[in-house]
Amino acid sequence: MNHRLVDIRNLVAALFALLSVLFGFIGSAHAQFKAEVKYAQVGEVKLAYYTRGQGDPMILINGYSATMSMWDPALIDELSKNNTLILFDNRGIGLSSDTKENKTTMAQMADDAAGLVKALGYKKANVLGWSMGARVAQQFLIRHPELVIKGILCAPNPGGKYQIKASKKTEEDLNNPHLSVMENVALLFPNNEAGKQAAKDALAREQAAKLAGTIPDDFVISKESKLRQTRARTTLWDADNKNFIDLKNIKVPVLVADGQYDILDVPKNSQIIANQIPFAWLAFFDGGHAFLFQQHKKFAETLNAFMR
0 MNHRLVDIRN LVAALFALLS VLFGFIGSAH AQFKAEVKYA QVGEVKLAYY TRGQGDPMIL
60 INGYSATMSM WDPALIDELS KNNTLILFDN RGIGLSSDTK ENKTTMAQMA DDAAGLVKAL
120 GYKKANVLGW SMGARVAQQF LIRHPELVIK GILCAPNPGG KYQIKASKKT EEDLNNPHLS
180 VMENVALLFP NNEAGKQAAK DALAREQAAK LAGTIPDDFV ISKESKLRQT RARTTLWDAD
240 NKNFIDLKNI KVPVLVADGQ YDILDVPKNS QIIANQIPFA WLAFFDGGHA FLFQQHKKFA
300 ETLNAFMR
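In case it helps, numbering that gives the first Met the number 0 puts the sequence shown at residues 0 to 307.
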């Protein structure tokens with residue numbers, strides 16, 4: 000037999016052996032953690048949540064019509080290395096209950112998140128909000144300063160007359176219930192090859208994590224909940240000038256971050272907010288609205304430096 004052919008076969012065999020070890024390692028890493036959904040009664044609603052990681056508590060407040068399973072698993076992996084993450088569904092979203100009356104506002108959702116922190120027995124927590132969740136997080140910092148260690152506002156919006164709005168078409172697309180998953184995701188990433196690939200990679204990680212059980216199978220959002228959140232984040236938020244004014248009273252350290260190419264909450268909004276909060280950090284990343292998914296490692300490194 001040709002010696003070169005034997006060498007190639009040996010190389011291929013070695014590669015397959017290496018791959019099996021690597022996949023076995025990945026499989027065992029997934030097996031080490033399984034998301035266990037629990038429930039906490041907070042006022043009139045029952046909030047679904049799970050925890051992961053080690054370190055100081057950090058509550059993660061997700062964006063419009065997003066459940067606790069819709070965070071990028073790669074980001075969660077990074078953040079859980081140094082923080083005990085509290086991931087939960089806002090009222091009426093996913094597995095959390097809601098009231099018959101429409102009480103969904105940024106302030107109410109902030110009160111819910113604060114109530115969850117207290118229900119879990121924590122005296123204080125770091126608060127990270129993304130997108131609409133960053134609007135809720137601002138209200139958390141304003142309304143419940145005694146519960147906050149530090150705040151992280153990702154792709155935030157100051158509200159009222161102080162905000163710079165997205166284009167009319169972008170807002171219509173975001174609120175269009177007939178938009179496909181990929182069309183929706185496309186709004187979160189830059190419209191270039193890197194952005195399109197980042198979107199595909201994020202969705203693939205989410206699907207793999209769901210199959211592995213490292214995130215809950217929690218992806219159903221009712222039409223009523225979407226309508227309630229839409230009213231809260233548009234009609235009510237557009238009329239709220241007080242949120243921006245109250246930002247100047249925040250005393251805890253705050254990191255404000257966004258993607259350079261965010262078309263939903265344009266980057267100028269982050270600058271406006273950072274200028275209003277005393278001594279706030281401001282960081283921009285290569286990416287769009289979902290910059291913290293696309294640049295999860297760089298974002299986690301920046302967050303770790305801020306936390307230290």
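The beta-carbon is built from N, C-alpha and C at its ideal position, and this holds for glycine as well.
1) With the cut-off set at 8 Å, would you say Ala289 and Leu187 are in Cβ contact?
2) Here's a check: name, in chain order, each residue in its chain whose Cβ is nearer than 8 Å to the Cβ of Gly52, leaving out the five neighbours to either side.
3) DSSP beta-bridge partners for Phe87?
4) If you reduce the DSSP assignment to three classes, tell me which class Ala165 lands in.
5) For Glu100, is the classification buried or exposed, using 16 other Cβ atoms within 10 angstroms of its Cβ as the cut-off for buried?
6) Out of Glu182, Lys160, Pro157, point me to the one whose CA is closest to Thr169's CA.
7) Under three-state DSSP, which class holds Asp237?
8) Would you list the residues sitting across from Ala282 in a DSSP beta bridge?
9) For Pro189, which residues of its own chain have a beta-carbon under 7 Å away from its beta-carbon, when the five flanking residues on both sides are left out?
10) Secondary structure at Leu302, three-state DSSP: helix, strand or coil?
11) Would you report the Cα separation of Ala198 and Ala185, rounded to the nearest angstrom?
12) Report all residues from its chain with a CB closer than 8 Å to the CB of Asn303; omit the five preceding and five following residues, and keep chain order.
13) Let me know the secondary structure DSSP gives Ala28 once reduced to three states.
14) Could you tell me the boundaries of the alpha helix (DSSP H) in which Gln206 lies?
15) DSSP beta-bridge partners for Trp129?
16) Only counting the same chain, and skipping five residues up and downstream in sequence, which positions put a Cβ closer than 7 Å to that of Met105?
17) With burial defined as no fewer than 16 other Cβ atoms inside 10 Å of the residue's Cβ, what is the status of Ala238: buried or exposed?
18) Which residues mark the beginning and the end of the beta strand (DSSP E) in which Asp71 is found?
19) Would DSSP call Gln53 helix, strand or coil?
For this structure:
1) yes
2) Leu78, Ser79, Lys80, Asn81, Asn82, Thr83, Leu84
3) Tyr48
4) coil
5) exposed
6) Glu182
7) helix
8) Ala256
9) Tyr260, Gly286, Gly287
10) helix
11) 7 Å
12) Asn81
13) With a pLDDT of 46 at Ala28, under the threshold of 50, the modelled position of that residue is not reliable, and no figure is offered here.
14) 192-211
15) Cys153
16) Arg134, Val135, Gln138, Ala231, Trp236
17) exposed
18) Careful: Asp71 lies outside any beta strand (DSSP E) and carries neither H nor E.
19) coil
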